[in-house]
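Novice: Have a look at this one before I ask anything.
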Amino acid sequence: MRCLAPHPAGSYLSEPQGSSQCATMELGPLEGGYLELLNSDADPLCLYHFYDQMDLAGEAEIELYSEPDTDTINCDQFSRLLSDMEGDEETREAYANIAELDQYVFQDSQLEGLSKDIFIEHIGPDEVIGESMEMPAEVGQKSQKRPFPEELPADLKHRKPAEPPTVVTGSFLMEPANDSSTLPCLPLPALFNEEPASGQMCLEKTDQMPMPSSSSSLSCLNLPEGPIQFVSTISTLPQGLWQISGAGTGISSIFIYHGEVPQASQVPPPSGLTVHGLPTSPDRPGSTSPFAPSATDLPSMPEPALTSRANMTEHKTSPTQSQAAGEVSNKLPKWPEPVEQFYRSLQDTYRAEPAGPDGILVEVDLVRARLERSSSKSLERELATPDWAERQLAQGGLAELLLAAKEHRRPRETRVIAVLGRAGQGKSYWAGAVSRAWACGRLPQYDFVFSVPCHCLNRPGYAYRLQDLLFSLGPQPLVAADEVFSHILKRPDRVLLILDAFEELEAQDGFLHSTCGPAPAEPCSLRGLLAGLFQKTLLRGCTLLLTARPRGRLVQSLSKADTLFELCGFSTEQAQAYVMRYFESSGMTEHQDRALMLLRDRPFLLSHSHSPTLCRAVCQLSEALLELGEDAKLPSTLTGLYVGLLGRAALNSPPGALAELAKLAWELGRRHRSTLQEDQFPSADVRNWAMAKGLVKHPPGAAESELAFPSFLLQCFLGALWLALNGDIKDKELPQYLALTPRKKRPYDNWLEGVPRFLAGLIFQPRARCLGALVGPSATALADRKQKVLARYLKRLQPGTLRARQLLELLHCAHEAEEAGIWQHVVQELPACLSFLGTRLTPPDAHVLGKALEAAGQDFSLDLRSTGICPSGLGSLVGLSCVTGFRAALSDTVALWESLRQHGETKLLQAAEEKFTIEPFKVKSLKDVEDLGKLVQTQRTRSSSEDTAGELPAVRDLKKLEFALGPISGPQAFPKLVRILTAFSSLQHLDLSQNSITDLGAYKLAEALPSLAASLLRLSLYNNCICDVGAESLARVLPDMVSLRVMDVQYNKFTAAGAQQLAASLRRCPHVETLAMWTPTIPFSVQEHLQQQDSRISLR
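In structure tokens form, the structure reads like this:
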């Protein structure tokens, strides 16, 4: 540690004289620590005078221990250092240990002087420094070394401590007087003669009081504003003041005053001249040192950081003084008043609940997610698709989620959490729910939460500061003083920053590779601001929460996030619950049941209701239809849904208003934007009509002139409407907008991903109830020509050549078109074996696929592995009579069987068991082994049941099994696999290569192989660390394998002895055709000799 002794301008100290002053001595830089100083003969007051004469610019630092080449830290570094220590649990424990050591050492009656009566602890780690130490001459001359424990009284450490004293707090400085006669002062108790009504002592201004000549040399005092506490100390010392400066809980100096504290009536009136204060630091009142940190500069420290005891053995503080001190400490404000006011205003901003249907809350699941490469040749990443049973739900809701994220990070480390979800999944609503939860006190780990819609940031040419991001760009701009911003910078770990709709900043991609961000107060570009946040140099230690769509260039940046979550949509039950609450909030409870019946009559819309945005659109149309009469019916397509919503708005619109709005939507989509300015509308009438009908609105936090579409799907529908009405699009360019066969050169940017389906519906559905209902019959002339172009294109497509994702998109387009010729062409060209391996199947995908399979009139085999299909969708596809076989995740299939068994659906259960197959099966994880074991257990349970008999086809018909866990997990999982091998009675190919099963695994395998003797044709034990003992076990069982044709034991570790045992056993196996046995541990001459004896031995 370093002790700073600043020397203000001008000399105000004289050389000590007489017995109470120090003798002249040669002083040099002190080496060692505080204990060496306490046990030395050096007079602290002489040290003070010596170092006070040093030049502040050159000799301002006194090193109390040897540490070469260590520089003093300035105040800002000092403050940041203390902030780091406060967030460290180990540091807080160290403070507690120091406090215990203090009690053990300094409650000793044999220690005299200062160490006997008082010990004020004000230290931290080694970097913490004390500014100055000043003592009277009498102190420090009698210090003794601490005796050994056996020399002390037995009950000394168990005596009851005295009542805790009070301590003077604030930034103070004392000055020894040169001549008491020239500086007469009142006694120091005159400074404390009044008791404020608030219960804490506050000095309204800085004064210095004169004292009589009989007082000590410590005469003049510079006291700042703020709360103070005081304590009486050693009786043997003259009246005076002793200062220790250092780090603590908002305390820059500690003063111990000796003498009785008189009552207010005992204080004499002030007299004499007033002495002007010493020169002070401009930013730190009350201190002459420019290095002295102010109370507001120092962050809060743990309680053990400041432990003070005064005269604990002989003197006791009065109960009144102790109670007053407790009141002072308890009533100190947590934050400064501007910070408190800003905190309350921020809470009020986020506490308001949305009104009407916007306030309907149906909690959805958060699933842990990860990004993976879209292909082996591509560097782009996309959201991985786990099986339904493999999903890892985030338990405990958003509060526990954020709390766990905070607990698992290191101090001063920014935590980045990304919540991904497709358009319309409710990401923005979820972000608002997080803000409201904090405002209601459910996120106590954060002092401040700032939620910023990213469309407010996407302004080219603008420069931002961190203050702008926090205070000016939220839902409501907030006024914050500089003191608030400084407070936030001191505790960034208590800040949660939410960036909603992060995909809006797609133009800023590459910020991870930009230069680090600027200082917090400097303006910069948006790219620089994002670089500072994500590279963890700006607001370091905060929690950064992002919401975004799982596509686009910015997804590559999110791969660096600490935690990824995916926001799931509604289940069928949640969608129905939302419908009930929607009509309840609208005051139409009498229509709740009728609305549910309308939705259940349209399974396609019900499957789409997993999206909260589409579920709300269905409710809006149902509400309008139910007001018209009892014969209401919902449309069967998404195109019909949005035509129904916009048809009534288009009736009273200005001429061409809907077409102009559609053009704006398309142009914004081409630029990957969803917001527009008011002056972009062709006229004020169009703008006012669009705002009145709710087709555009002011987004939260945006400027008054900025508007946005209320939903992404509405913008997609309007964009498709413009393509249907635009006469400038050439015939050969129109098919590219369906995005079914992307071109290699100049591919179509399908950012408005809903356009292909809406375009097919608008072009092919009957004019009277679709396109004509929106823009009138006169504006639909161009649609006839476009219909012929698209029909010719769709009928030339061969569905069997398309990838899984494009095939599903083609099925959706054909369904939206509602054109019999196109639908029949698509379904009849479907291949018999359909593989959707690795392609996500949403509920609408499963519904459309099932409808197409039923209409095809042929049998199909489906591969549904790694599709994330929900149990209801899997059951609906498996139950189709045209599906003769299917593959799915083992865990999902077993869960489906259990669900069907519990609900008593015997016929569907039987069909699901008969159609399921796992041929061939590759074990790639420990979970695969467990799932395979569950499948075998299901067969054994099924065989013991009286209702069913026989083996499961999936177990009975398995012919090829590959165990590919590798040398790390292989030895752990192989014993589990061996125990279930006997169940696969038809197994023909068993590949156990490169799993390091060793001799133990070979022994267990030899015990299980006789059960496969009638079926097994090929056995591979390549590179498995099998030695002679394992070779002997295999040689013993080899003659029993009557069906075995090929056995591979190459690259193992058995020697010539093991090879000879296998060769001898091979002579008794005339059915074996090849034994691949080359291994480097066998001499080549031995291998050649064995091969000469039996040509079936292969050395390749």
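Quick note: the sequence shown uses our numbering, first residue 8, plus one each step.
A virtual CB, placed ideally from N, CA and C, is assigned to each residue, including glycine.
As the structure is a prediction and not an experimental result, all values here were calculated from the model.
For L1023, which option in S993, E1039, I1033, Q1001 has the closest C-alpha, if you only look at C-alpha atoms?
Specialist: With respect to the C-alpha of L1023, the residue from S993, E1039, I1033, Q1001 having the closest C-alpha is S993.
Novice: Run through the DSSP bridge pairs and tell me what H996 is partnered with.
Specialist: Answer by DSSP bridge pairing, in chain order: K967, R1025.
Novice: To which residues of the same chain is K370 closer than 7 Å at the C-beta, ignoring the five residues directly before and after it?
Specialist: Note that residue 370 is Glu in the sequence shown here, rather than Lys. No residues qualify anywhere along the chain.
Novice: Give the secondary structure of G892 by DSSP, where H, G and I count as helix, E and B as strand, and everything else as coil.
Specialist: DSSP places G892 in strand when its eight states are reduced to three.
Novice: In or out: Q1100 buried (at least 16 other Cβ within 10 Å) or exposed?
Specialist: exposed
Novice: So, with DSSP's three-state summary, where would you put F867?
Specialist: F867: strand per DSSP, three-state reduction.
Novice: Count the other C-beta atoms from every protein chain shown that fall within 10 angstroms of the C-beta of Y469, then say buried if there are 16 or more, exposed otherwise.
Specialist: exposed
Novice: Could you tell me which of V1053, E490, R472 sits nearest to S532, measuring between CA atoms?
Specialist: Distance from the Cα of S532 is smallest, within the candidate group V1053, E490, R472, for R472.
Novice: When we look at the beta-carbon of S205 and count the other beta-carbons within 10 Å, is it buried (16 or more) or exposed?
Specialist: With a pLDDT of 37 at S205, under the threshold of 50, the modelled position of this residue cannot be trusted, and the question is left open.
Novice: Mapping the DSSP letters down to three states, classify I770 as helix, strand or coil.
Specialist: helix
Novice: Following the continuous alpha helix (DSSP H) through S842, name the residue where it begins and the one where it ends.
Specialist: Element bounds for S842: not the alpha helix (DSSP H) but the beta strand (DSSP E), 840 to 842.
Novice: Do the CB positions of R623 and P364 come within less than 8 Å of each other?
Specialist: yes
Novice: For the candidate residues V1053, L621, P1077, L1019, whose alpha-carbon lies nearest to that of M1084?
Specialist: V1053
Novice: Less than 8 Å between the beta carbons of R429 and R556, yes or no?
Specialist: yes
Novice: By how many angstroms is the C-alpha of Q432 removed from the C-alpha of L603?
Specialist: 21 Å
Novice: Let me make sure I understand the geometry here. Which of E760, L353, P530 has the alpha-carbon closest to that of Q456?
Specialist: With the sequence shown as reference, residue 456 is identified as Val, and Gln is not the correct amino acid for it. Closest by alpha carbon: L353.
Novice: Between which residues of its own chain and E310 is the CB-CB distance below 6 Å, once the five residues before and five after are set aside?
Specialist: Residue confidence is low: E310 scores 35 on pLDDT, short of 50, so the model does not pin down where it sits. Its coordinate-derived value is still stated next. Closer than 6 Å at Cβ, skipping near neighbours: no residue.
Novice: Taking the alpha helix (DSSP H) that T913 belongs to, which residues open and close that run?
Specialist: 913 to 922
Novice: Start and end of the alpha helix (DSSP H) containing R623?
Specialist: DSSP places R623 inside the alpha helix (DSSP H), whose first and last residues are 619 to 635.
Novice: For my contact list, S868 and C840 are in at a C-beta cut-off of 8 Å; report their separation, rounded to the angstrom.
Specialist: 5 Å
Novice: Are the beta-carbon atoms belonging to F991 and L972 less than 8 Å from one another?
Specialist: No, the pair does not count as a contact, with Cβ atoms beyond the cut-off.
Novice: How many Å lie between L1051 and R1103 at the Cα?
Specialist: If you draw a straight line from the Cα of L1051 to the Cα of R1103, it comes to about 13 Å.
Novice: Which residues in the same chain as S785 place their Cβ atom closer than 7 Å to its Cβ, once the five residues preceding and following it in sequence are excluded?
Specialist: none
Novice: Can you check which of these residues, G886, L553, Q813, L1028, is closest to S435 by C-alpha distance?
Specialist: L553
Novice: From the DSSP output, which residues share a beta bridge with Y471?
Specialist: C531
Novice: Can you give me the C-alpha to C-alpha distance between T5 and D1055, rounded to a whole angstrom?
Specialist: Outside the displayed span of the chain (8 to 1107) sits residue 5, for which this structure offers no information.
Novice: Could you tell me which of E630, A672, H854, T550 sits nearest to F611, measuring between CA atoms?
Specialist: H854
Novice: Pull the bridge partners of R375 from the DSSP assignment, please.
Specialist: DSSP lists F572 as the bridge partner or partners of R375.
Novice: Going by CA-CA distance only, name the one from A827, A790, A788, A961 that's closest to K802.
Specialist: A827
Novice: Going by alpha carbons, who is nearest to I1033 out of T924, R986, G1008, S1018?
Specialist: Among T924, R986, G1008, S1018, the Cα nearest to that of I1033 is on G1008.
Novice: Can you say whether A1070 is buried or exposed, counting buried as having 16 or more other CB atoms within 10 angstroms of its CB?
Specialist: Sixteen is the threshold: when 16 or more other Cβ atoms of the shown chains lie within 10 Å of the Cβ of A1070, as they do, the residue is buried.
Novice: Mapping the DSSP letters down to three states, classify H1096 as helix, strand or coil.
Specialist: helix
Novice: Could you give the residue range of the beta strand (DSSP E) that holds L1113?
Specialist: One cannot answer for residue 1113 here, as it falls past the ends of the chain, which runs 8 to 1107.
Novice: To the nearest angstrom, how far is the alpha carbon of G548 from that of V346?
Specialist: 20 Å
Novice: Mind checking D756: buried by the 16 CB within 10 Å criterion, or exposed?
Specialist: exposed
Novice: Buried or exposed, going by whether 16 or more other CB atoms sit within 10 Å of the CB of C447?
Specialist: exposed
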